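These notes are about the structure you will find just below.
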Amino acid sequence: MDLVLELSRALLTRTRSLRLGDYGVRRNLRRTALAGAVAAAFVALTPGGAGQAASLHWSLVNSPKASSGDNQLNSVSCVGLSFCMAVGSNYGTAEQALIEKWDGSSWSVVSSPNNSSVQLEGVSCASTSSCMAVGYYYATADQALIEEWNGTSWSVVSSPNPVGGNYLTGVSCVSGSFCVAVGFYANSELTLIEEWNGTTWRLVNSPNQSGSVFDFLEAVSCTSASFCMAVGDYSNGSDTNGQALIEKWNGLTWLLSPPNISSTHSNYLGGVSCVSKSFCLATGYFFNINQPLTEKWNGSGWRTLSSPFSQFTGVSCVSSSFCMAVGSTYATNFQTRIEKWNGSSWSIVSSPNTSATQDNQLNGVWCASTSFCIAAGSYFNGANNQTLIEKWAA
Numbered sequence: 242m243d244l245v246l247e248l249s250r251a252l253l254t255r256t257r258s259l260r261l262g263d264y265g266v267r268r269n270l271r272r273t274a275l276a277g278a279v280a281a282a283f284v285a286l287t288p289g290g291a292g293q294a295a296s297l298h299w300s301l302v303n304s305p306k307a308s309s310g311d312n313q314l315n316s317v318s319c320v321g322l323s324f325c326m327a328v329g330s331n332y333g334t335a336e337q338a339l340i341e342k343w344d345g346s347s348w349s350v351v352s353s354p355n356n357s358s359v360q361l362e363g364v365s366c367a368s369t370s371s372c373m374a375v376g377y378y379y380a381t382a383d384q385a386l387i388e389e390w391n392g393t394s395w396s397v398v399s400s401p402n403p404v405g406g407n408y409l410t411g412v413s414c415v416s417g418s419f420c421v422a423v424g425f426y427a428n429s430e431l432t433l434i435e436e437w438n439g440t441t442w443r444l445v446n447s448p449n450q451s452g453s454v455f456d457f458l459e460a461v462s463c464t465s466a467s468f469c470m471a472v473g474d475y476s477n478g479s480d481t482n483g484q485a486l487i488e489k490w491n492g493l494t495w496l497l498s499p500p501n502i503s504s505t506h507s508n509y510l511g512g513v514s515c516v517s518k519s520f521c522l523a524t525g526y527f528f529n530i531n532q533p534l535t536e537k538w539n540g541s542g543w544r545t546l547s548s549p550f551s552q553f554t555g556v557s558c559v560s561s562s563f564c565m566a567v568g569s570t571y572a573t574n575f576q577t578r579i580e581k582w583n584g585s586s587w588s589i590v591s592s593p594n595t596s597a598t599q600d601n602q603l604n605g606v607w608c609a610s611t612s613f614c615i616a617a618g619s620y621f622n623g624a625n626n627q628t629l630i631e632k633w634a635a
C-alpha cells in the first residue's frame, strides 16, 4: 500500500464515511498533508510516566463492533464511573450510526435510529437519562443530525437544517435544558451553532473571520448556560490548511476570542475542555512543523503552552490541574499518545495499543475524575477499522 495512503487511513478514521462531502474532503486533504510530513520528519519519543501514580494506568477495554466492516468511535462522554456513551459509525452494507454504552463493567452496542449514510461526531451526557449525540447524514445533501438519549432509548430530534449541506461536529450539555452543538454550513463553509432549550433546537448567530474562505467549528465546551468555548479553524485563502479559530459564548452572544499563536505555520484546534470561566484548554496541532498546539484560557485571554510531540484530537479536564489529551504519534505505525496536564506542564503517559504493527488512533476522551477517564477511537487490523477504547483507572 502507498505509504501516504496507509498513514492517512489511520489519521482519517473520523472521516471514513460513505458520504464525506466538503467536510470530509477538506479534512482528508489537511490530514493527508500532515501524515506525509510526519512520516518524513518524525523522530519517535519514548513515553514516560514520571510523576504518574503507580496504581493509575491506561488499559485496553474490550469493545464490541456493530458490523463486520469498519467500526470507529469519535467521541465519548461519561457521568460518574458507571455510565458512559461513545459514538461513531460502522459500515456493513451502508454507513450507520454506532453508539456504545458503558455500565461500569462492560461496553455494549445500543440501538440507534439511522437515516442513510450516518456519521456521529460528538456526544455529551448531562445525566444518565439525558444525552445528545450530533453528526450528519446524507439525503439529497449532507444534513445535520441530532439524536437524544432519554435513559432508555435513542431517538432523532428535529434540528434546524438550512438549505444546503450542514454538519454538526461537537456538542456540550450542562443540563437537560441547555446544550450547544457546533459545526458549519457546507455550501458557505461558515460556522454553524445550534442551541437546545430543553424542548427544541434553534439556530444561533455565530461570527466568522473577516475575509475568510472557510470557517469550521469542531468542538465546544460549556460550563453553564452563560459560558462556552468553541474551537476549529479558518482560512483567509492564502493558507488552505487554515489557522486556529476560537469563539466564546457569554450568555447573550458568540464573539471571536483570538488565540495567542505567534507561529505563522498552519494550525488547527479540534478539542476544548472548560472547567470554569477562568480555565479552558484547547488542543490541536501545527501542520507544517509536526508539533502539537495547546492553548490555555485564563479568564481574559489565551496563551500557547509547550508540550511533547503529539497530534492532539481530544482533551478533557477535571480541574485546572488535571487534564488528559489524546491523539496519535508515528514511529513505524501510528500509535496512541496520551498526555496529562498537572497545572503547570504536560507529560506523556504510557498508553497501550492493540499491536505495534497496527495503526491505533484515539479521537476523544472524557474524565469523570482524576482517577477515571475513558478514551475512544479505532485501530486498523489490516482489513478494517475497529473500535478502540482505553480506561484510566487503578
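Every position in the sequence shown, counted from 1, becomes a number in the numbering used here once 241 is added.
A virtual CB, placed ideally from N, CA and C, is assigned to each residue, including glycine.
From a predicted model like this one, the values you see are computed outputs, not experimental measurements.
With a threshold of 16 other CB atoms inside 10 Å of the CB of residue i, please say whether the residue is buried or exposed.
i, result
"Gly292", "Any reading at Gly292 must be qualified, since the residue scores a pLDDT of 45, below 50, and its modelled position is unreliable; the value itself is stated next. Classification for Gly292: exposed."
"Val284", "Below a pLDDT of 50, predicted positions are generally treated as unreliable, and Val284, at 33, falls in that range; the measurement from the model is reported next regardless. Label assigned to Val284: exposed."
"Cys325", "buried"
"Gly605", "buried"
"Leu409", "buried"
"Gly265", "In this predicted model, Gly265 has a pLDDT of only 45, less than 50, meaning its place in the structure is not dependable; the value taken from the coordinates is given anyway. When all chains shown are included, Gly265 counts as buried."
"Asn508", "buried"
"Gly473", "buried"
"Leu493", "exposed"
"Ser504", "exposed"
"Ser296", "exposed"
"Gly623", "exposed"
"Gly262", "Reliability of the predicted coordinates at Gly262 is poor, the pLDDT of 40 falling under 50, and the value obtained from them is presented with this limitation in mind. Buried, because 16 or more other Cβ atoms sit within 10 Å of the Cβ of Gly262."
"Ile646", "Outside the shown range of the chain (242 to 635) lies residue 646, about which nothing can therefore be said."
"Ala635", "exposed"
"Thr441", "exposed"
"Asn391", "exposed"
"Ser548", "buried"
"Asn214", "The question about residue 214 has no answer here: the residues shown for the chain are numbered 242 through 635."
"Ala566", "buried"
"Leu253", "A caution first: Leu253 carries a pLDDT of 36, below 50, which makes its placement in the model too unreliable to give a value."
Look at residue i and residue j and say whether their C-beta atoms are less than 8 Å apart.
i, j, result
"Ser619", "Gly584", "no"
"Val421", "Leu458", "no"
"Ser323", "Asp344", "yes"
"Thr577", "Ser588", "no"
"Asn491", "Ser519", "no"
"Ile340", "Ala374", "yes"
"Gly329", "Ser308", "no"
"Arg443", "Glu430", "no"
"Val364", "Val415", "no"
"Asn574", "Gln602", "no"
"Leu496", "Pro448", "yes"
"Cys319", "Ile615", "yes"
"Val461", "Val412", "yes"
"Leu522", "Trp582", "yes"
"Pro403", "Tyr426", "yes"
Assuming residue i contacts residue j under a Cβ cut-off of 8 Å, what Cβ separation, rounded to an integer in Å, is found between them?
i, j, result
"Asn315", "Glu389", "That pair is no contact at about 18 Å."
"Phe553", "Gly542", "Not confirmed; about 21 Å, so no contact."
"Asn303", "Asn626", "No, Asn303 and Asn626 are not in contact; Cβ-Cβ is about 17 Å, not under 8 Å."
"Ile630", "Ala617", "5 Å"
"Thr545", "Ile502", "6 Å"
"Thr570", "Ser596", "With 8 Å as the limit, Thr570 and Ser596 do not qualify as a contact, their Cβ atoms being about 15 Å apart."
"Ala485", "Gly525", "6 Å"
"Gly405", "Ala380", "That pair is no contact at about 12 Å."
"Trp670", "Trp299", "Outside the displayed span of the chain (242 to 635) sits residue 670, for which this structure offers no information."
"Ser498", "Ile487", "5 Å"
"Ala338", "Asn355", "5 Å"
"Gln450", "Asn482", "The Cβ separation is near 15 Å, so there is no contact."
Sequence ranges, beta strand (DSSP E) only - wholly within the region 493-543, length at least 3: 495-497, 508-517, 520-527, 532-538
The region 547-558 contacting the region 499-519, beta-carbon criterion three pairs below 8 Å: yes
Beta strand (DSSP E) runs contained entirely in the region 361-418, provided each spans 3 or more residues: 371-379, 383-390, 395-397, 407-416
Touch test, the region 447-458 against the region 381-401, Cβ-Cβ under 8 Å, three pairs minimum: The region 447-458 is not in contact with the region 381-401.
Segment contact, 8 Å Cβ cut-off, at least three pairs: the region 345-352 with the region 364-371: No, the region 345-352 does not touch the region 364-371.
Minimum length 3: unbroken beta strand (DSSP E) runs contained in the region 415-479: 419-426, 432-437, 442-445, 455-465, 468-476
Entirely enclosed beta strand (DSSP E) segments - the region 601-634, minimum 3 residues: 601-610, 613-621, 626-634
Whole runs of the beta strand (DSSP E) within the region 297-340, excluding any shorter than 3 residues: 298-302, 311-319, 325-332
Whole beta strand (DSSP E) elements within the region 563-607, 3-residue minimum: 563-571, 575-582, 587-590
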